[in-house]
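Number of protein chains: 2
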Amino acid sequence: MVVRLNAMGVTTVFSHTLAEGSGFTPEQVRKDFSEYKIRGHRRGGYSTEKLLSDMESLFKRDRMSNVILVGMGNLGQALARYQQLQQRGINIVATFDIDPYKQKSRTEYQVYSMDRLQEIVERFSVLVAIVAVPDISAQDVCSQLIDMGIRGIVNFSPVMLKVPEFVVVNNVSLSDEIESVIWFVRSLKKGPTLYL
Amino acid sequence: MVVRLNAMGVTTVFSHTLAEGSGFTPEQVRKDFSEYKIRGHRRGGYSTEKLLSDMESLFKRDRMSNVILVGMGNLGQALARYQQLQQRGINIVATFDIDPYKQKSRTEYQVYSMDRLQEIVERFSVLVAIVAVPDISAQDVCSQLIDMGIRGIVNFSPVMLKVPEFVVVNNVSLSDEIESVIWFVRSLKKGPTLYL
DNA sequence: GATTTAATGTGAAACAATTCACAAAATATG
DNA sequence: CATATTTTGTGAATTGTTTCACATTAAATC
Ligand SMILES: NC(=O)c1ccc[n+]([C@@H]2O[C@H](COP(=O)([O-])OP(=O)(O)OC[C@H]3O[C@@H](n4cnc5c(N)ncnc54)[C@H](O)[C@@H]3O)[C@@H](O)[C@H]2O)c1
Ligand SMILES: NC(=O)c1ccc[n+]([C@@H]2O[C@H](COP(=O)([O-])OP(=O)(O)OC[C@H]3O[C@@H](n4cnc5c(N)ncnc54)[C@H](O)[C@@H]3O)[C@@H](O)[C@H]2O)c1
Numbered sequence: 008m009v010v011r012l013n014a015m016g017v018t019t020v021f022s023h024t025l026a027e028g029s030g031f032t033p034e035q036v037r038k039d040f041s042e043y044k045i046r047g048h049r050r051g052g053y054s055t056e057k058l059l060s061d062m063e064s065l066f067k068r069d070r071m072s073n074v075i076l077v078g079m080g081n082l083g084q085a086l087a088r089y090q091q092l093q094q095r096g097i098n099i100v101a102t103f104d105i106d107p108y109k110q111k112s113r114t115e116y117q118v119y120s121m122d123r124l125q126e127i128v129e130r131f132s133v134l135v136a137i138v139a140v141p142d143i144s145a146q147d148v149c150s151q152l153i154d155m156g157i158r159g160i161v162n163f164s165p166v167m168l169k170v171p172e173f174v175v176v177n178n179v180s181l182s183d184e185i186e187s188v189i190w191f192v193r194s195l196k197k198g199p200t201l202y203l
Numbered sequence: 008m009v010v011r012l013n014a015m016g017v018t019t020v021f022s023h024t025l026a027e028g029s030g031f032t033p034e035q036v037r038k039d040f041s042e043y044k045i046r047g048h049r050r051g052g053y054s055t056e057k058l059l060s061d062m063e064s065l066f067k068r069d070r071m072s073n074v075i076l077v078g079m080g081n082l083g084q085a086l087a088r089y090q091q092l093q094q095r096g097i098n099i100v101a102t103f104d105i106d107p108y109k110q111k112s113r114t115e116y117q118v119y120s121m122d123r124l125q126e127i128v129e130r131f132s133v134l135v136a137i138v139a140v141p142d143i144s145a146q147d148v149c150s151q152l153i154d155m156g157i158r159g160i161v162n163f164s165p166v167m168l169k170v171p172e173f174v175v176v177n178n179v180s181l182s183d184e185i186e187s188v189i190w191f192v193r194s195l196k197k198g199p200t201l202y203l
C-alpha cells in the first residue's frame, strides 16, 4: 500500500489513511509504529519515503529471502506462479516434487527431485520452506527439511507438524478461512438489512 | 482430526490429545467445549462420536454450504480442485471468470461467464463467495457479488474491500503468511541450537 | 503573532485471551 | 469398599490487546 502511494507521488500519509487501507484502527497503526520507533510529524503524518525504508529494514525486505517450495501439485503450482511474492522480497529459488512427471521442465518452472534438496538448500542458504504436499507426506517432508537446515516452514497441509522448538511453523488452513466466513454469515443472518 | 480418530475406531479422546493435534493447550480445548456445552466424562475424556455430531451442528456442517468461486486463474483453479473442501461441508457450486478462454469447459470444472452470476446465486441460494481475481478487479467483483445477495467473502487479493457492515469479509494474504515466517526465522536466528 | 485546527504519541482503562490451580467426578486398583 | 489416579470443568490470576482520552506539537488561518 505504501509502495503504491509512494509511486503515485504521495509524500505523506496519515495513520487513519493507513488504517482504512489495512483494516486496523488509527491507534493500532500509531502504537505499532511507536513501538518500533517509526516517527511521524505532529501534523503532516508520516513520510511515505521514510516509512518505506523503515519498513524495509524492519520486515527484512532489504535483502531477498530465498525460500523453496516443496510439492508442485495444484496449490504448489499456483504459488510458484504468484508473481507478487518477488515484490515482497520472497524469492522462490527452487521447487521440488517426488513425482518424476512433474519434474519434466515445463516452460515456466524447473521442478527438482527431492534428492537435490540438500544441494540447493546449501547453495542458496535457504532457511524457509513452503510445504504443499499431501497430508500424509507432510510430516516426513518436514523432518527432511529440518535435517537439511530449514528453520521456518509455511505449512499448507491440515496436519500439525512436530518440530523442534527452534523451528517456526505457520499453519495456513484455507478450509478454515472459508469455514469461518460461512459460520459468521449463517450466524449473523439477522434481519434483511436493506442494501441500496 | 476427530473424523480420522473416529474412523480409526477410537471412541474417546482427551483434551490433551486434541490439543496436541490442533496446536492449542488442553485448557483452551476444554474452555471452548465448555462454552458451547460440549461435555466430556471426568475420566474417559470426550466421545469421538458425540464430538463429531456436536461439532457438525456447531460449525453448521450439518448441511452443505453452497459457495461460488470467482476468478479461475492460478489460485482459483487450485482451489477448485481442492477436494477436502467437500468433506468440510463446503460445496463449490459454480466457478466464474471474465476470460472466455477459461470458460471453455475443460474436463473437470465448468467455468461460467459473469453474466450467469445472478441466476446461479439465486438457484443455489449462495451466500458466500471466494474471490480470486486480480487486485485491480477485486473491488468491482466484490460489489457485484453483494448486489446479487452474497453476504460473506473470502478475499485472496491483497486489497481491503469496501463493504457494507452486514457483509463479512475474510482477507487471506498468503504473502503475509510467508513473510511472517521469514521474519521470525531471521529474528530468532540465535545460537546454532544443535538438533540431534 | 495569536488562535484554531489536525495530527501524533502514549499513558491509563477496558476488554479479551491464556494460563494456573484445584475441586469434583469417574474409573481403576488393591 | 477404600484409596489412588486420571481427567474434566471452571473460577481466579495473569498476561496481552484494543480502545479511550488527552497532552503535545506543528501547521494553517486570521
Ligand atoms: N489445492 C488447494 O487449493 C489446497 C488448498 C489448501 C490446502 N491444500 C493442501 O495442500 C496440500 C497439497 O494440495 P494439492 O491440492 O496441491 O495436492 P496435490 O495432490 O495436487 O499435490 C501434491 C503434490 O505433492 C507431491 N508429493 C507427494 N508426496 C511428496 C513427497 N513425499 N515429497 C515431495 N513431493 C511430494 C505430489 O507429487 C504432488 O505433486 C495438501 O495437504 C492440501 O490439503 C491444498
Ligand atoms: N497465485 C497465487 O498463488 C496467489 C496467492 C495468494 C493470493 N493471490 C491473489 O489471488 C488473486 C488471483 O491470483 P492468480 O495468481 O490466480 O491470478 P490470475 O491472473 O492467474 O487469475 C485471475 C483470474 O481472474 C480473472 N478475472 C480478471 N478480472 C475478472 C473479473 N472482473 N471478473 C471475473 N474474473 C476476472 C482472470 O481472467 C483470471 O483468470 C490475485 O489478487 C492474487 O494477488 C494469488
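Chains as they are written, first to last, in the working numbering: chain C, 8 to 203; chain V, 8 to 203.
Think of the CB as a built atom: it goes at the ideal place given N, C-alpha and C, for glycine as much as any other residue.
Please read all numbers here as calculations on a predicted model, not as lab measurements.
Measuring alpha carbon to alpha carbon, tell me which of C:Ser120, C:Ser72, C:Ser182 and C:Leu25 ends up nearest Ile99 (chain C).
C:Ser72
Using a cut-off of 9 Å between C-beta atoms, extract the partners of Tyr89 (chain C) located in chain V.
Asn81, Leu82, Leu181 and Ser182
Is there at least one non-hydrogen atom of ligand 1 closer than 7 Å to the beta-carbon of Lys111 (chain C)?
no
What residue range is occupied by the uninterrupted alpha helix (DSSP H) comprising Leu58 (chain C)?
Thr55 to Leu65
Can you find a heavy atom of ligand 4 that lies under 7 Å from the Cβ of Gly83 (chain C)?
Ligand 4 is absent from the structure shown, which contains only ligand 1 and ligand 2.
Count the other C-beta atoms from every protein chain shown that fall within 10 angstroms of the C-beta of Arg158 (chain V), then say buried if there are 16 or more, exposed otherwise.
buried
Skipping 5 residues on each side, what residues in its chain have a beta carbon closer than 8 Å to that of Glu56 (chain C)?
Asn13 and Thr18
When DSSP labels each residue in this structure, what does Gly159 (chain C) get in the three-state scheme?
Here Gly159 (chain C) sits in strand by DSSP.
Go to Ser72 (chain V), then tell me how far its beta strand (DSSP E) extends in each direction, as first and last residue.
Annotation for Ser72 (chain V): the continuous beta strand (DSSP E) segment containing it runs Ser72 to Val77.
If I'm right that Val20 (chain V) touches Tyr53 (chain V) with Cβ under 8 Å, what's the distance once you round it to whole angstroms?
5 Å
Can you grab the Cα-Cα spacing for the pair Arg37 (chain C) / Ser22 (chain C), in whole Å?
Looking at the two C-alpha atoms, the distance is approximately 6 Å.
For the segment 87-122 of chain C, which segments carrying the beta strand (DSSP E) assignment without a break, of at least 3 residues, lie completely within its bounds, in sequence order?
Restricting attention to beta strand (DSSP E) runs no shorter than 3 residues, the segment 87-122 of chain C encloses them at 97-103, ordered along the chain.
Checking contacts by CB at 8 Å: is Ser29 (chain C) closer than that to chain V?
yes
Are Leu124 (chain V) and Cys149 (chain V) touching if we call contact CB-CB under 8 Å?
no
Determine contact between the segment 180-195 of chain V and the segment 130-145 of chain C, defined as no fewer than three beta-carbon pairs at a distance below 8 Å.
yes
For Val74 (chain C), tell me which candidate among C:Asn178, C:Leu181, C:Pro141 and C:Ile127 has the shortest Cα-Cα distance.
C:Ile127
Under 7 Å from any heavy atom of ligand 1, does the C-beta of Phe163 (chain C) make it?
yes
To the nearest whole angstrom, what separates the beta carbons of Ala145 (chain V) and Val166 (chain V), a pair I think is in contact under 8 Å?
That belief holds up - the Cβ atoms of Ala145 (chain V) and Val166 (chain V) are roughly 5 Å apart, short of 8 Å.
Exposed or buried, which one is Tyr119 (chain C) when buried takes at least 16 other CB atoms within 10 Å?
buried
State the start and end residues of the unbroken beta strand (DSSP E) segment that holds Val166 (chain V).
From DSSP, Val166 (chain V) is part of no beta strand (DSSP E); its letter is neither H nor E.
Is the Cβ-Cβ distance between Leu65 (chain C) and Val9 (chain C) less than 8 Å?
no
What does a CB cutoff of less than 6 Å around Tyr202 (chain V) pick up in its chain, not counting 5 residues either side in sequence?
A caution first: Tyr202 (chain V) carries a pLDDT of 49, below 50, which makes its placement in the model too unreliable to give a value.
Excluding the 5 residues preceding and the 5 following Pro33 (chain V) in the sequence, name in chain order all residues of the same chain whose CB lies nearer than 7 Å to its CB.
The beta carbon of Pro33 (chain V) sits closer than 7 Å to the beta carbons of Ser22, His23 and Ala26 from its chain, once the five residues preceding and following it are set aside; these are given in chain order.
Which residues in chain C sit within 9 Å of Lys57 (chain V), going by Cβ to Cβ distance?
Here the premise fails: no neighbours, minimum Cβ distance about 20 Å.
Going by the CB atoms, is the gap between Ser182 (chain C) and Arg95 (chain V) shorter than 8 Å?
In contact: Arg95 (chain V) and Ser182 (chain C) (Cβ atoms closer than 8 Å).
Using the C-alpha atoms, what's the distance from Met155 (chain C) back to Glu172 (chain C)?
16 Å
Does any residue of chain C bring its CB to less than 8 Å from the CB of Thr200 (chain V)?
The pLDDT assigned to Thr200 (chain V) is 48, lower than 50, so where the model puts this residue is not dependable, and the model offers no usable value.
Using beta carbons (cut-off 8 Å, strictly below), is Phe191 (chain V) in contact with chain C?
yes
Compare the Cα-Cα distances from Gln117 (chain C) to each of C:Gly51, C:Arg193, C:Gln84 and C:Pro141 and report the closest residue.
Minimum Cα distance to Gln117 (chain C) is reached at C:Gln84.
Please determine, among C:Gln110, C:Asp104, C:Arg46 and C:Asp69, the residue with the shortest C-alpha to C-alpha distance to Ile97 (chain C).
C:Asp69
Assign Ala139 (chain C) to one of three DSSP states: helix, strand, or coil.
coil
Can you name the residues of chain V whose CB is closer than 8 Å to the CB of Gly78 (chain C)?
The contacting residues do not exist; Gly78 (chain C) stays about 12 Å from chain V at best.
In the DSSP assignment, find the unbroken alpha helix (DSSP H) run with Val36 (chain C) in it and report its ends.
Pro33 to Glu42
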